[in-house]
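Structure record follows, encoded as structure tokens.
Number of protein chains: 2
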Amino acid sequence: MNNPAIFRISPLDNVAIATDIGGIKIGDLVAAGIVATEHIPMAHKIALINFKTGDAIVRYGYKIGTAICDIPMGSWIQEHMLETPEAPALDEIKYSKSIPKQVEKLEGFRFEGYRNEDGSVGTKNILGISMSVHCVAGFANHIITRIKNQLLPLYPNVDDVIALNHTYGCGIAINAPAAIIPIRTIHNLARNPNLGGEILVLALGCEKLRPETIAGEEAESDILYMQDESLTGFEEMMQAALQMAERHLKKLNARKRETCDVSDLIVGMQCGGSDAFSGISGNPVAGFAADLIVRAGGTVLFSEVTEVRDAVEQLVARTADEEVAEKLINEMKWYDAYLDKGNADRAANTTPGNKKGGLSNIVEKALGSVVKSGTMPIVDVVSPGDRIKKKGLQFVATPASDFVCGTLQLAAGMNVHVFITGRGTPYGLAMVPVIKISSNTKLASRWHDLIDFDAGPVATGEKTISAMGWELFHLILDIASGKKKVATDVLGLYNELALFNPGPLT
Amino acid sequence: MNNPAIFRISPLDNVAIATDIGGIKIGDLVAAGIVATEHIPMAHKIALINFKTGDAIVRYGYKIGTAICDIPMGSWIQEHMLETPEAPALDEIKYSKSIPKQVEKLEGFRFEGYRNEDGSVGTKNILGISMSVHCVAGFANHIITRIKNQLLPLYPNVDDVIALNHTYGCGIAINAPAAIIPIRTIHNLARNPNLGGEILVLALGCEKLRPETIAGEEAESDILYMQDESLTGFEEMMQAALQMAERHLKKLNARKRETCDVSDLIVGMQCGGSDAFSGISGNPVAGFAADLIVRAGGTVLFSEVTEVRDAVEQLVARTADEEVAEKLINEMKWYDAYLDKGNADRAANTTPGNKKGGLSNIVEKALGSVVKSGTMPIVDVVSPGDRIKKKGLQFVATPASDFVCGTLQLAAGMNVHVFITGRGTPYGLAMVPVIKISSNTKLASRWHDLIDFDAGPVATGEKTISAMGWELFHLILDIASGKKKVATDVLGLYNELALFNPGPLT
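So the sequence lines, in the order shown, correspond to chains A and B. Be aware that the first sequence starts at 403, since it is given in my numbering, and climbs by one per residue. Be aware that the second sequence starts at 403, since it is given in my numbering, and climbs by one per residue.
So this is what it looks like as structure tokens:
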């Protein structure tokens, strides 16, 4: 049935996706007995049956909506023709212990990483400058420039120096219940494996977020207070900062890559600027690679609460035990309440670009989105800003906002990022390599120097998901080892960190 | 009564502030019959009477708290000794038409500014690059670097090129009621007088915040979409961006300063890192200068809802008419509800630094904070993110967070910023000059290259508020004219913009 011009995921599906760049032309025979009655753009849906009002429209084997008008076979199914189903009621989801999936272990895969004292492994060797309040961000930028010009050339094993910028720390309700999220995020960001355990905190002195909270218990942590009364003027502050930085640069410079097991990899999966191909090419390939990572003993994180909310029943069925299932449902409940307080719901997730890209609603988007998590059991659920405690596939509960999700995955301990896009985004992070995957070849060709891996051949039938999944797996190991560079690292194209602060400003 | 060692604002006050760097020493006779019974640090309060439990503690002529223990005359009044009064109930405040204050007009004061087509006047000549979504921020930074290196030297009349960075635009609930605030902020930031009406918007293409919303109706507005299908690869995008920038640089470069009336000045007042001196030196001097600006026909903005909430009765009495009074009360109500939703209240405003600096609670902070607004009638109240519509003294309803308040004052149209600090902050904005005022000479000496104006001599009795207010007024005109540079402009020390987004992320 998979005529090259269309792609259908599940045999239960009564719709398929147009795969050709030019879309499906009027009069095209796309399958036995099915002729297109109108032009259908690439990535959009064609009706494979005659729908009557009220019929279920099925994709990925699940109902993505109900037809609100008759839709003849061969026509273009547009957003306004279907009604979005209600979100699954969280209190009614039952956990039933299913037979644990037999996971066939993968052996013998290694990468070259920087091992840290706490057991974590870095894929880059970066000096990070944390800060307790946005007031000092301008000063931090000056320090970065000076370090890059004066010090970094003396420490060639250090890849980069970055500021862990944020707009938190003061002017916020530090005792509000939700403040725990940004506070632990800032704390854990400083402990990302790629920063080598060297913790520098730039502080003002009078802020609400105490710098000691970030510095933590570690003996090597350093705090510089701009309001330190022994420092006179900007240049003395700068010299103090440079001295502090140099102590840590020396230690970072002594690090060497060593052979590590794939079990030391923490791969964060995310998608953004999605189109209908994301769910049939990019995300399945990423999901296949995710399974390989987990089978080799490694860790995969997936996130984006509003993008999995509608697929929660599938995910609960994949949790390793009842406790994890409960954690998952609780995170969804917390987010439902959070959105409700702001008079929004999960339907607010889909973008004009998603819709232009053929995704009719949040249900269709969610079903395509969870595919990137692969098929392994979910061994833990991590609250936003928390660091992971286990190995294996884990759900990190974050907003779907790309940069906020990325920031929280960094706090969770991610050391390689995989990012799938259909419409294209220049998204990049300085702290870890971001492997950018295109869901279609059209984008990969146009953005030849911004895309790292084209999953388009899966949509056109030229390559299989498993073949491309293996390719991606090997690319992840090469990138983690520093043998290959991702596009955003070649260009130095990075987004700032963006905290998730559900609490109020004061 | 104002012995050099202490400072008392109102004759009703039963406490005074220690003004000497060393504080008040045990045994010091601070006024007739009043001997310090313990060491009292600089900026902290000494009891001028014997307080019994339940007595009102009065500063600025208002009750800042109730004694919760007996406090003997001459002792140090610490935070834990007083109970904070309830916030004034907003529904019970009555507006009573008072006799309008006779405003003696000031004539003959001018500055040199850049006049814009819409009638506003710039104090700098800057190319601003707006963006519709954070995804493109990394690209924007690259563009800025290229423009600075390649183009800016060719256009010497242009002072700077800046990115109007934010973390909004996607992954947000664009239809939530509160979304209007960040959206109109981004729109109005692009129209700040210092950007000369040249509106460039860097867009992705699939984001929720439509770039046209920022570009607006202006014929000269330009939008560059990174997803534009005619652009292949990073370098073509960059060339398109540089071409777009150059069109606007040409126009900006043709601008010349011309003599403008003070009525074209829009001065934003803010304080941060406050101590107890802020209310007796820095803020009164700023308030005196604010009166001069308004008397000369100009505009003064003051802000920070949680810092004026406890002084709302004073402010209502100063509003020009009942409509303005109602707008003020409504903004306070909105903020009360916003904080309540996040399980916080206005008491969350005060920082550890405030308390170390002698400010016992939010009431004392508020009474000191409103002093910087001067004494003129409040002619309008502006909602967060909105642009001002009148001239004269106006309340712009913003959070107290320095960078968020500053961003919203920029959106309101501010062209000069006055910032009072007691403990010190390196806060700076690239878009407008920020005149940093120290409340005490100790800070001004230590931060000699970060402070622009020392109001400390008022606290020590060496200079009068009016003399220093006039000095500040003249400094504001010189800075606005580009004749003098503020410290943050000399050092290039700038904070990023920070939006106020009370709505949820998705």
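Backbone N, C-alpha and C fix where the C-beta goes; we use that ideal spot for every residue, glycine too.
Unbroken alpha helix (DSSP H) run spanning residue i, endpoints
i, result
"methionine 870(B)", "867-882"
"arginine 461(B)", "Segment 458-461 is the beta strand (DSSP E) holding arginine 461(B); no alpha helix (DSSP H) there."
"serine 847(A)", "843-848"
"glutamate 709(B)", "707-710"
"threonine 910(A)", "Not covered by the structure: residue 910(A). The range shown for chain A is 403 to 908."
"tyrosine 737(A)", "724-743"
"glutamine 716(A)", "714-720"
"phenylalanine 541(B)", "539-548"
"leucine 651(B)", "635-655"
"valine 696(A)", "684-697"
Burial state of residue i (16 or more Cβ within 10 Å)
i, result
"arginine 649(B)", "exposed"
"aspartate 742(B)", "exposed"
"glutamine 552(B)", "exposed"
"serine 632(B)", "exposed"
"valine 892(B)", "exposed"
"lysine 885(B)", "exposed"
"serine 771(B)", "buried"
"leucine 907(A)", "buried"
"valine 560(A)", "buried"
"glutamine 629(B)", "buried"
"glutamine 641(A)", "exposed"
"histidine 589(A)", "buried"
"serine 803(B)", "buried"
"lysine 767(A)", "buried"
"proline 828(A)", "buried"
Whole-Å CB distance - residue i paired with residue j, under 8 Å assumed
i, j, result
"glycine 744(B)", "alanine 739(A)", "The Cβ separation is near 13 Å, so there is no contact."
"serine 841(A)", "glycine 824(A)", "4 Å"
"isoleucine 449(A)", "valine 417(A)", "Residue identity differs from the one stated: residue 449(A) is alanine in this sequence, not isoleucine. About 6 Å; that satisfies the 8 Å criterion."
"aspartate 472(A)", "phenylalanine 453(A)", "6 Å"
"isoleucine 839(A)", "alanine 857(A)", "5 Å"
"phenylalanine 409(A)", "isoleucine 682(A)", "5 Å"
The beta strand (DSSP E) enclosing residue i, as first and last residue numbers
i, result
"arginine 517(B)", "512-517"
"leucine 554(A)", "From DSSP, leucine 554(A) is part of no beta strand (DSSP E); its letter is neither H nor E."
"tyrosine 627(A)", "624-627"
"valine 765(B)", "From DSSP, valine 765(B) is part of no beta strand (DSSP E) but of the alpha helix (DSSP H) over 764-771."
"phenylalanine 821(A)", "818-823"
"isoleucine 585(A)", "Looking at the DSSP string, isoleucine 585(A) is not in any beta strand (DSSP E); the run it does join, the alpha helix (DSSP H), is 582-591."
Separation of residue j from residue i, as counted between CA atoms
i, j, result
"glycine 573(A)", "leucine 810(B)", "14 Å"
"glycine 776(B)", "alanine 832(A)", "46 Å"
"glycine 826(B)", "serine 680(B)", "11 Å"
"valine 707(A)", "serine 477(A)", "33 Å"
"methionine 403(A)", "alanine 691(A)", "Residue placement at methionine 403(A) is poorly supported in this model, since its pLDDT is 39, which falls under 50; the coordinates are not used for a value here."
"lysine 729(B)", "valine 538(B)", "37 Å"
"arginine 657(A)", "proline 584(A)", "30 Å"
"isoleucine 790(A)", "valine 523(B)", "53 Å"
"alanine 889(B)", "histidine 544(A)", "14 Å"
"glycine 491(A)", "isoleucine 731(A)", "Note that residue 491(A) is alanine in the sequence shown here, rather than glycine. Looking at the two C-alpha atoms, the distance is approximately 10 Å."
"lysine 844(B)", "methionine 816(B)", "30 Å"
"aspartate 900(B)", "histidine 568(B)", "The identity of residue 900(B) in the sequence shown is alanine, whereas the question assumes aspartate. Roughly 6 Å separates the two Cα atoms."
"leucine 508(A)", "lysine 499(A)", "25 Å"
"valine 798(B)", "valine 726(B)", "12 Å"
"aspartate 693(A)", "alanine 678(A)", "22 Å"
"histidine 441(A)", "isoleucine 428(A)", "5 Å"
"leucine 654(A)", "glutamate 622(A)", "12 Å"
"leucine 667(A)", "leucine 591(A)", "17 Å"
"alanine 869(B)", "isoleucine 878(B)", "14 Å"
"valine 806(B)", "phenylalanine 902(B)", "6 Å"
"histidine 850(B)", "glycine 755(A)", "51 Å"
"glycine 871(B)", "proline 686(B)", "8 Å"
- Contact the stretch 423-433 of chain A vs the stretch 855-872 of chain A: 3+ CB pairs below 8 Å: no
- Message: Between the stretch 523-534 of chain B and the stretch 595-605 of chain B, can you find at least three pairs of beta-carbon atoms closer than 8 Å?
- Response: yes
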